[in-house]
Amino acid sequence: MLLNGIYDAALLVYALSLLFVFSDCLRRSPSEKRLGTGLLVVVGLLQLTGLGIRFSEEGGLPIFTPYDFLFWFSFSIVLTSLGVALTRRSEFTILLLSVAGFSVFLLNRVWLTAEDHTLQSWSAVHGWLAVHIILANLSFAALTLGTAFAIMYLFLHTRLKNKKWSDRIRRLPSLEVLDKYTYYSVLAGTPLLVFSLIMAGLSIVVEGRLLLFQDLKVLTTLIGLGIYIAYLILKRSGQNSGVLMARWAISGYGFIILNFLLNSLSNFHRWGGE
52 MLLNGIYDAA
62 LLVYALSLLF
72 VFSDCLRRSP
82 SEKRLGTGLL
92 VVVGLLQLTG
102 LGIRFSEEGG
112 LPIFTPYDFL
122 FWFSFSIVLT
132 SLGVALTRRS
142 EFTILLLSVA
152 GFSVFLLNRV
162 WLTAEDHTLQ
172 SWSAVHGWLA
182 VHIILANLSF
192 AALTLGTAFA
202 IMYLFLHTRL
212 KNKKWSDRIR
222 RLPSLEVLDK
232 YTYYSVLAGT
242 PLLVFSLIMA
252 GLSIVVEGRL
262 LLFQDLKVLT
272 TLIGLGIYIA
282 YLILKRSGQN
292 SGVLMARWAI
302 SGYGFIILNF
312 LLNSLSNFHR
322 WGGE
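In case it helps, our numbering puts the sequence shown at residues 52 to 325.
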């Protein structure tokens, strides 16, 4: 009951924070921006409190269920948003991150429970799985940030191309900065994703569950990873437009989302070990 109360309070405060951030993006308002950021700090503290309670109850990090994974992802997005808030012209970045973080948090509260599909049957490789999950979470947070910058790049490019100026346009970073930030975010997230997948593969081999490599989810994971690797190669070549690069980054993230949605159809993340 206490945890449910904490999580529901965090969800409500998150919604209020998102509302103030959105309002600041519509019309410049430093007071609403500060209030939205302050409420985001409260969300992070409430989530951290919930994680602390779960840690004390379970005697370890609560990371071995889809519910916990999404909770950690939302928490990572909150921390990322607070980090971005320290930079200039960050309002729209925080808005996009908050939409993603809030959506995941809300989805988690209405769709999953902490008891769903645990990984207890993978007892021999719990440590490796923990590393896999943590790296995947950090990777998804970095790639989410990169996607936010890519979306902003396409939006700004379209507005500038059509010569549609407004105060909101002037508050965005330049195309060059958005392109650079997208690249840095993908550059950080892709190696983390690679190492995460390596740990998952090693866990499967050690457990002797080699049939999992034939799962559809493995194919979609490799396609998504391949898109990000191609993005980095094309970006390093310096011969492609920022618009094309932004679309590549968004396409890669689309496969990340598809990958998660395939959980219900896949044996790969039926974490009960069946």
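Glycine residues also receive a C-beta, built at the ideal position from the N, C-alpha and C atoms.
Outcome for residue i when other beta-carbon atoms lying within 10 angstroms are tallied against a minimum of 16
i: PHE264; result: exposed
i: VAL94; result: buried
i: LEU53; result: exposed
i: GLY197; result: buried
i: ILE308; result: exposed
i: PHE71; result: buried
i: ASP75; result: buried
i: LEU77; result: exposed
i: TRP162; result: exposed
Residue i in three-state terms, based on DSSP
i: PHE329; result: For the chain, the structure presents residues 52 to 325; residue 329 sits outside this window and is missing.
i: PRO331; result: The first residue shown for the chain is 52 and the last is 325, placing residue 331 beyond what the model contains.
i: LEU223; result: coil
i: LEU312; result: helix
i: THR144; result: helix
i: GLN290; result: coil
i: ALA193; result: helix
i: GLY110; result: coil
i: LYS268; result: helix
i: TRP179; result: helix
i: ASN55; result: helix
i: GLY259; result: coil
i: ASN213; result: coil
i: ARG139; result: coil
i: SER80; result: coil
Best match in the options for proximity to residue i [C-alpha to C-alpha]
i: ARG160; options: ASN291, ALA61, GLY103; result: ALA61
i: SER141; options: ASN213, SER225, PHE191; result: SER225
i: GLY252; options: ASN213, PHE191, TRP179, LEU205; result: TRP179
i: ARG287; options: TYR235, THR100, ASN310, GLU258; result: TYR235
i: MET203; options: SER127, PHE191, ARG219; result: ARG219
i: LEU137; options: PHE115, GLU108, LYS84; result: LYS84
i: LEU243; options: PHE156, PHE120, ASN188, LYS231; result: ASN188
i: ARG221; options: LEU130, ARG139, ILE278; result: ARG139
i: LEU223; options: LEU112, PHE143, LEU99; result: PHE143
i: GLY275; options: VAL257, SER302, ALA297; result: SER302
i: ILE185; options: GLU227, THR233, VAL245; result: VAL245
Residue j beta carbon less than 7 Å from that of residue i
i: LEU97; j: SER68; result: no
i: THR209; j: ALA151; result: no
i: ALA239; j: ALA300; result: no
i: ILE145; j: SER154; result: no
i: ALA193; j: LEU148; result: no
i: SER247; j: SER190; result: yes
i: ALA297; j: LEU205; result: yes
i: ASN291; j: LEU285; result: yes
Rounded Cβ spacing between residue i and residue j (contact assumed at less than 8 Å)
i: LEU207; j: LEU229; result: 7 Å
Residue i Cβ short of 6 Å to the ligand SAH heavy atom set
i: ALA300; result: This structure lacks the ligand SAH, and indeed carries no ligand of any kind.
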